[in-house]
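A quick write-up on the structure given underneath.
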Amino acid sequence: MEYVCANCGWEGPKAKLGKSLTLLGVKDEFCPTCGKEDFLVNDTELEEIVFHQTTGEGTCLLLRPLNNPTNS
Ligand SMILES: [Zn+2]
């Protein structure tokens with residue numbers, strides 16, 4: 006699975022990510038270039054972000070009926 010850093014633009018496989026061991030023994034993964042972990046997104050998350058951006062207008066159209074309930 007490929008990862009992309011939204012901060013510096015780094016992209017690469019999971020194996021290339023920086024890793025650190027926390028007190029609980031859990032490995033934190035972070036960007037090997039800028040050291041940030043909050044900006045890392047994997048392929049799936051990236052697709053979801055693009056999906057939401059491209060369908061932003063559609064979301065507004067879907068919400069419109071909820072704001073205008075039909076009182077018949
Ligand atoms: Zn980065």
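Using the numbering used here, the final residue of the sequence shown is 77, and nothing's skipped along the way.
All residues carry an ideal CB built from backbone N, CA and C; glycine is no exception.
Can you tell me whether residue i is helix, strand or coil according to DSSP?
i	result
F56	helix
E34	strand
K42	One detail in the question is off: residue 42 reads as Glu in this sequence, not Lys. Three-state DSSP puts E42 in coil, outside helix and strand.
L26	strand
L67	A caution first: L67 carries a pLDDT of 47, below 50, which makes its placement in the model unreliable, though a value can still be read off. L67: helix per DSSP, three-state reduction.
Tell me whether residue i counts as near ligand 1, meaning its Cβ is closer than 8 Å to at least one heavy atom of that ligand.
i	result
K19	no
N12	yes
K41	yes
F56	no
Rounded to a whole number of angstroms, what is the C-alpha to C-alpha distance between residue i and residue j?
i	j	result
G23	T59	31 Å
P37	E53	24 Å
V9	H57	17 Å
L28	V55	35 Å
L45	P18	12 Å
E7	K32	18 Å
W15	L51	13 Å
A11	D43	9 Å
K41	K21	14 Å
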